[in-house]
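Everything below concerns the one structure shown next.
Residue numbers (this note's numbering): 438 to 824.
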């Protein structure tokens, strides 16, 4: 039997498909190499073959399930492999590049370095009140910042991606916002550096389809074009969010946030020799760049441990009061440099849960895995009334 199944066979395995505003088109015959039934299920992945044709495919029980859709403006489908109750809504138009500066927001919640740990992410977001029991956005006009490194290491990267993708849509409808700030592992994924790729993805869909993992996140794939619309650094109120950090050398170069974002985006798809030999991509994507910098915690080759004066100069240059980073793992969400730097990359294995950072009414709070809010800096007190 061919390893590609059309949706009529998929129905026998997965129990249903609902399509709105799409017209199924004939699927091309593809001979997939044989694979035994396994636990490597993955998907959906969506390849935009043209502006109006989308191919949805999964690895499901050792089989490749595919479905081709003719799309007018929006692709809508229910999942084909264990996710038949999940409705996917995917605009045909490429994602727009949004703003990177937001002001006057009431609440911010940030989490980082998820690395494919879907259940732990869901648990934290529920306990923090960001999503409800049905995994729907329930935080109104709040802003959720995912501060990089959703990919690699864990075995539910695709599930994490689609959860964040959907929450972004739901938050926008509620007047809130979800920000996905790119981390070094998203850059690695798109550039084909698979050193930290989970065995599930090494042995699963990439082997059976012969589609390389980086091509699953290529510019014509939905998750790939979505990631390419994301920023490398943003500010919400007067707080700068960046995955690794902003070092003094970035300020010395006179790089604005706009230049950081646009320079990185324009160079994600360079060839490896360009990243090695061309000065700007080598700077952005190596140890001194915003994705890899660890200078708030330690000295590295090429830079020293940042001094308080250097940190303050960075804050002044970008006109912010604090920087929030991930990337450098610490025991718990904590503040450094007198409340001017916050690190939110925590060890899931040791803690048994993720932690997040909440900003509310001018104060910063550690949100533990149980949902408890622990003050990190005092919230400002209202000025006494004039007599």
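Ideal placement from N, C-alpha and C gives every residue a C-beta, glycine not left out. On a predicted model such as this, the values are computed, not experimentally measured, just so you know.
Residue i, buried or exposed, once every other Cβ within 10 Å from all chains shown has been counted against 16
i           : result
residue 710 : exposed
residue 636 : exposed
residue 605 : buried
residue 681 : buried
residue 526 : exposed
residue 713 : exposed
residue 672 : buried
residue 691 : exposed
residue 792 : buried
residue 478 : buried
residue 703 : exposed
residue 833 : In the structure as shown, the chain begins at 438 and stops at 824. Residue 833 is therefore absent and cannot be evaluated.
residue 718 : buried
residue 571 : exposed
residue 511 : exposed
residue 804 : buried
residue 593 : buried
residue 818 : Note that residue 818 scores a pLDDT of 49, beneath 50, so its modelled location is shaky and nothing firm can be said.
C-alpha distance - residue i paired with residue j, whole-angstrom precision
i           : j           : result
residue 538 : residue 731 : 24 Å
residue 741 : residue 676 : 24 Å
residue 608 : residue 698 : 23 Å
residue 508 : residue 773 : 50 Å
residue 584 : residue 489 : 32 Å
residue 631 : residue 589 : 8 Å
residue 474 : residue 529 : Low confidence applies to residue 474: its pLDDT is 45, below 50, so where it sits in the model is not reliable, and the reading given next is rough at best. Roughly 33 Å between the two C-alpha positions.
residue 485 : residue 504 : 12 Å
residue 610 : residue 706 : 32 Å
residue 483 : residue 668 : 22 Å
residue 534 : residue 601 : 16 Å
residue 591 : residue 634 : 8 Å
residue 656 : residue 521 : 26 Å
residue 658 : residue 746 : 44 Å
residue 513 : residue 480 : 15 Å
residue 543 : residue 647 : 47 Å
residue 788 : residue 531 : 39 Å
residue 737 : residue 794 : 26 Å
residue 768 : residue 753 : 28 Å
residue 778 : residue 749 : 10 Å
residue 494 : residue 501 : 7 Å
residue 775 : residue 814 : 9 Å
residue 684 : residue 708 : 26 Å
residue 569 : residue 739 : 45 Å
residue 547 : residue 645 : 36 Å
residue 679 : residue 720 : 16 Å
residue 618 : residue 506 : 31 Å
Cut-off 7 Å between Cβ atoms - residues of its own chain near residue i, not counting five sequence neighbours on either side
i           : result
residue 812 : 800 and 802
residue 651 : 626, 627, 628 and 629
residue 624 : 705, 722 and 728
residue 654 : 626, 627, 660, 661 and 664
residue 807 : 564
residue 596 : 555
residue 573 : 607
residue 566 : 575 and 576
Beta bridge counterpart(s) of residue i as assigned by DSSP
i           : result
residue 567 : For residue 567, which the question treats as bridged, DSSP gives no partner whatsoever.
residue 482 : 494
residue 555 : BP columns for residue 555 are empty, so no partner.
residue 515 : 524
residue 759 : 676
residue 614 : 580
residue 586 : Note: residue 586 sits in no beta bridge, so no partner.
residue 681 : Note: residue 681 sits in no beta bridge, so no partner.
residue 532 : DSSP output for residue 532 lists no bridge partner at all.
residue 812 : 802
residue 670 : 679
residue 772 : 779
residue 789 : Paired residue(s): none; residue 789 is not in a bridge.
Cutoff 6 Å; reference residue i; Cβ partners in own chain excluding five residues on either side
i           : result
residue 516 : 523
residue 622 : 586, 588 and 589
residue 755 : 677
residue 826 : The shown model of the chain, from 438 to 824, leaves out residue 826, and the question about it has no answer.
residue 614 : 580 and 608
residue 598 : 660
residue 641 : 477, 479 and 496
residue 638 : 650
residue 545 : 580, 673 and 796
Nearest-angstrom beta carbon gap, residue j and residue i [assumed within contact, 8 Å]
i           : j           : result
residue 694 : residue 716 : At roughly 20 Å, the Cβ-Cβ gap does not stay under 8 Å, so residue 694 and residue 716 are not in contact.
residue 688 : residue 751 : 6 Å
residue 780 : residue 757 : The pair is not a contact, with the Cβ atoms about 16 Å apart (cut-off 8 Å).
residue 582 : residue 616 : 5 Å
residue 578 : residue 612 : 4 Å
residue 700 : residue 561 : That pair is no contact at about 32 Å.
Same chain only: Cβ atoms within 8 Å of residue i, ignoring 5 sequence neighbours per side
i           : result
residue 649 : 629 and 643
residue 766 : 550, 782, 783 and 784
residue 770 : 779, 780, 781, 783, 792, 793, 794, 803, 804 and 813
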